[in-house]
Structure formats: C-alpha cells, structure tokens
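One rule links them: number in this note's numbering = place in the sequence shown (from 1) + 370.
Okay, so here's the structure we're looking at.
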Amino acid sequence: MKKTIIIAEAGVNHNGSIDIAIELVRAAAQAGADYVKFQTFTSEKIVSPLAPKAKYQLTDDLDNNRTQMSMLKKLELSKKDHERIYQACEELGIRFLSTAFDEEAIYYLNNLNIDFFKIPSGEITNYPYLRTIAKQGKPVVLSTGMADMDEVQNALSILEEFGCHKNNITILHCNTEYPTPFEDVNLKAMVAIKDFFDINVGYSDHTLGIEVPIAAVTLGASLIEKHFTLDRNLPGPDHKASLTPEELSQMIKSIRHIELALSGNGRKEPSNSEYKNRTVARRSIHLTNNCEAGHILKEQDLIPLRPGDGISPLYWNEVIGKKILRNLPAFHKLSWEELV
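In structure tokens, the structure reads:
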C-alpha cells in the first residue's frame with residue numbers, strides 16, 4: 371500500500387505568534403507528519419470589512435469584534451514569518467506547506483517551491499483563483515467542503531483547462547463545520563468522488579478525535595489533513611476543533627498501523643508470524659482411555675485435544691475402525707504408524 375500523506379494543519383493556530391508557529395512545526399515533526407501547513411493571506415484581499423464571522427468563530431477570544439476582517443488581521447503571517455517557519459521545517463525534517471488565499475499568496479508560495487497547492491473549500495467556486503493555481507504547473511489538492519458534485523466537477527474542469535492534469539489532482543472529501551458532527555461526515559462521499567471522477571482522493575477532517583481519519587484510510591484516502599494545536603484552550607477560532615500534539619501523534623501511528631494491515635497480498639493463507647501457532651492452537655486425535663494392541667477403535671475411544679502435531683481431527687472417520695498395533699495409554703496422541 372502506498373504511504374498516506376499526512377498534513378498536520380497548523381492553520382492559524384499560531385495566533386499571530388511566530389514563536390507558537392515554530393513550536394507547531396516542532397510538534398508536527400515529532401508526531402511524524404509529512405507536512406505542516408499554515409495559511410498565507412492578506413486580509414483585505416479575501417474578505418470585505420463588513421463580512422461576518424462564521425458561527426464557530428464567534429467564540430474567538432482573540433477578538434470580540436464580529437467581523438472576519440478584525441479577526442484575520444491578527445492572524446496574518448509576514449514574509450519574514452514565512453521564512454522563519456520554512457527554515458524551521460528544514461531544520462526539523464518536515465515539509466513546509468501553506469494554503470494561499472489570494473493571487474499574490476499563490477505566486478509567493480510558488481517561489482518558495484512548495485510541493486503542491488492546497489485549495490481550501492471556500493475557494494472551490496473562485497474561478498480566477500483556480501485558474502491561477504492551475505497555471506503554476508504544480509500538483510493540486512482540492513478540498514470540497516460545502517460543495518456538491520456539480521461544483522466539484524466545475525472546479526476540476528477549470529483546473530484541467532488551465533494546465534493541471536487529472537493525475538496530479540487529489541480531491542479531498544471535507545465537511546466545514548467546526549467541529550463536524552459525526553453523523554454529517556458521510557465518508558461514503560469520498561468513495562463516490564473516487565469512483566465518479568476516477569481520481570485520487572483524500573480526506574480533510576474537522577471531527578473531534580482521530581477515528582474518522584483512520585477510517586478514511588481504510589476506504590482509500592491517500593492524503594489526510596487534520597488541524598492540531600498546542601493547547602485547545604488557547605484563544606482563536608480553530609483550537610477547539612483541533613488535536614493536541616499527543617493526539618496527532620496517536621492518529622499518525624494508527625494510520626501507519628492501518629497501512630501495514632492493508633498491505634497484504636489479499637490471499638487467505640497463514641502468515642509468517644502465525645505458522646508457529648498452528649500446533650499450539652489446533653488439535654490432534656487422542657485416546658480417551660487405555661487401549662490394548664489389536665483393539666479396534668470406536669468413536670468413544672477418541673477425543674480431539676491440543677497440540678495439533680498428530681493426526682488431524684479432519685481424519686476422524688478414517689481413524690474409526692483402525693486397529694491399534696501396540697498397547698497405548700489414555701490421552702495418547704495417535705500417529706498413523708500406530709494404526710492399521
């Protein structure tokens with residue numbers, strides 16, 4: 371099985387602090403994530419001054435103002451911040467990634483030579499944004515929260531029209547409620563996307579806990595994205611729906627275990643590790659009582675007992691009626707050489 375790409379989504383959980391951002395990089399690296407992802411934006415280029423916050427953002431203690439603009443201004447990362455984060459990623463052995471939210475950010479991240487572009491759910495209907503992403507010539511990961519299949523198809527068509535080959539696109543099933551109720555996850559939709567578009571798929575998760583991303587891997591997700599934070603009690607819009615570093619580490623370990631469990635050849639046969647247990651766990655035909663030479667075995671003379679290195683109980687009917695060649699005690703494990 372191909373290794374699942376795991377993106378630890380730091381997002382804006384740095385709260386505008388470069389020190390917290392560096393600690394998030396460190397935590398993601400220690401947890402074993404492949405990428406740690408931030409967000410690159412200029413607030414004035416993505417939201418109007420009067421745009422209201424989402425309901426889940428209204429509890430944001432960073433900002434008592436009810437507009438997105440006020441909140442986002444506190445969460446922007448400068449180019450100097452990006453450089454420091456990028457350097458920390460290199461030093462700590464994890465790949466840097468960020469989501470661009472405007473065209474300037476797209477060009478900036480392209481110059482940082484990120485491995486691929488991640489398109490967030492909110493931009494799936496943003497034609498000029500999708501066009502610009504596609505023209506950069508990099509692989510694309512498209513998140514589909516709030517979208518229906520027609521909107522996914524439209525976004526896919528735009529990306530392909532402007533140069534992004536379908537083989538270089540991964541579509542993420544996603545639900546953008548923070549946190550997502552389990553009954554709204556609908557993991558089967560990820561499978562439907564894969565089958566309908568014949569395309570690589572993954573899952574961007576906003577549920578509480580680690581179960582759903584693990585389940586997504588069993589259903590064929592090639593990429594998992596999950597928010598994490600240093601502390602769920604920190605002020606900010608996304609902390610409460612994020613994993614702690616310890617939970618992130620456990621999720622990644624579990625996914626790696628699932629990958630191993632799914633990596634078999636698909637044939638039902640004894641594994642290398644269990645061959646040694648067949649003798650211990652299976653049974654052989656034994657005697658229930660003392661039997662003298664010449665005794666003709668009846669069913670009441672026989673009992674299947676462990677270990678299983680004698681005559682298998684599969685041959686029960688063939689043993690019945692056989693003659694014993696020598697005196698044998700009760701609980702003796704029979705062998706074919708003793709019978710005629």
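Even glycine gets a Cβ: it sits at the ideal position worked out from N, Cα and C.
Can you tell me which of the three DSSP states Y497 falls into?
-> Assignment of Y497 by DSSP, reduced to helix, strand and coil, places it in the helix class.
Please determine, among L512, V382, Q438, E530, the residue with the shortest C-alpha to C-alpha distance to D451.
-> Closest in C-alpha terms to D451, from the list L512, V382, Q438, E530, comes V382.
For E521, does the three-state DSSP call read helix, strand or coil?
-> Under the three-state reduction of DSSP, E521 is assigned to helix.
State yes or no: is the C-beta of L704 within less than 9 Å of the C-beta of I666?
-> With contacts defined by Cβ atoms closer than 9 Å, L704 and I666 do not form a contacting pair.
Secondary structure of E639, DSSP reduced to three states = If DSSP states are grouped into helix, strand and coil, E639 belongs with coil.
Through-space distance from G691 to K668, alpha-carbon basis | Whole-angstrom Cα-Cα distance: 6 Å.
Residues near E672 in its chain [Cβ-Cβ closer than 6 Å; skip 5 each side] | Checking the sequence shown, residue 672 turns out to be Leu, not Glu. Excluding residues within five positions, the ones whose Cβ falls inside 6 Å are I655.
Within 10 angstroms of its Cβ, does H627 collect 16 or more other Cβ (buried), or is it exposed?
-> Result: exposed.
With DSSP collapsed to three states, give me the class of Q506.
-> Looking at Q506 - three-state DSSP - the assignment turns out to be coil, as it is neither helix nor strand.
Can you grab the Cα-Cα spacing for the pair I569 / V689, in whole Å?
-> In a straight line, the C-alpha of I569 is about 58 Å away from that of V689.
Assigned exposure category for E461 - 16 Cβ within 10 Å defines buried | With fewer than 16 other Cβ atoms within 10 Å, it is exposed.
List the endpoints of the continuous alpha helix (DSSP H) containing T588.
-> It spans 581-588 - the alpha helix (DSSP H) in which T588 sits, taken as one unbroken run.
Determine the DSSP secondary structure at E531, reduced to helix, strand or coil.
-> When secondary structure is reduced to three states using DSSP, E531 falls in the helix class.
Please decide whether R626 counts as near chain B, where near means a Cβ-Cβ distance under 9 Å.
-> Of the protein chains in this structure there is only one, and it is not chain B.
According to the neighbour-count rule (16 or more other Cβ atoms, all chains shown, within 10 Å of its Cβ), is H597 buried or exposed?
-> Buried, since its Cβ has 16 or more Cβ neighbours within 10 Å.
Could you round the C-beta distance between S418 and K443 to whole angstroms and report it? I think they count as a contact, below 8 Å.
-> Going by Cβ atoms, the distance from S418 to K443 rounds to 13 Å, so no, they are not a contact pair.
Endpoints, beta strand (DSSP E) assigned at P674 | Run containing P674: 672-675, per the beta strand (DSSP E) assignment.
Of the residues D404, G680, I476, which one's Cα is nearest the Cα of R501?
-> With respect to the C-alpha of R501, the residue from D404, G680, I476 having the closest C-alpha is I476.
Under the three-state reduction of DSSP, which class applies to L667: helix, strand or coil?
-> In the structure shown, L667 sits in coil (DSSP, three-state: anything other than H, G, I, E or B).
For S713, collect the residues of the same chain with a Cβ closer than 6 Å to its Cβ; drop the 5 residues on either side in sequence, then sort them by chain order.
-> Outside the shown range of the chain, which is 371 to 710, sits residue 713, and nothing can be said about it.
Can you give me the Cβ contacts of E493 inside the same chain, cut-off strictly under 6 Å, excluding the 5 residues immediately before and after it?
-> Taken in chain order, the residues that qualify are Y499.
For I622, which of helix, strand or coil comes out of DSSP?
-> Of the three classes helix, strand and coil, the one that applies to I622 here is helix, per DSSP.
Counted within 10 angstroms of its Cβ, other Cβ atoms place V595 as buried (16 or more) or exposed = One point to set straight first is that residue 595 is Glu, not Val, in the sequence displayed. Residue environment: E595 is assigned as buried (16 or more neighbouring CB atoms within 10 Å of its CB, all protein chains considered).
Look up G381 in the DSSP assignment and say whether it is helix, strand or coil.
-> Here G381 sits in strand by DSSP.
Nearest to K646 by CA position, among E662, D679, A663, S633, is which residue?
-> It is D679 whose Cα lies nearest to the Cα of K646.
Contact under 9 Å by Cβ, V587 with L542 | Contact flag unset, no.
Kindly list the residues whose CB is nearer than 6 Å to the CB of V406, restricted to its own chain and excluding five residues on each side of it in sequence; keep chain order.
-> If we look at V406 and ignore the five residues flanking it on each side, its Cβ neighbours are A378, A380, V395, A398, I464.
DSSP puts I681 in a beta bridge; with which residues?
-> Looking at the DSSP assignment, I681 forms no beta bridge with any residue, so it has no partner.
Where Y548 falls: helix, strand or coil (DSSP) = Looking at Y548 - three-state DSSP - the assignment turns out to be coil, as it is neither helix nor strand.
Would you list the one or two residues that DSSP bridges to A398?
-> Note: A398 sits in no beta bridge, so no partner.
G402 to Y685, Cα distance in whole Å?
-> If you take the alpha carbons of G402 and Y685, they lie about 52 Å apart.
Nearest neighbour of N480, chosen from C459, S387, G507 [CA to CA] | The shortest CA-to-CA distance from N480 to any of C459, S387, G507 is the one to G507.
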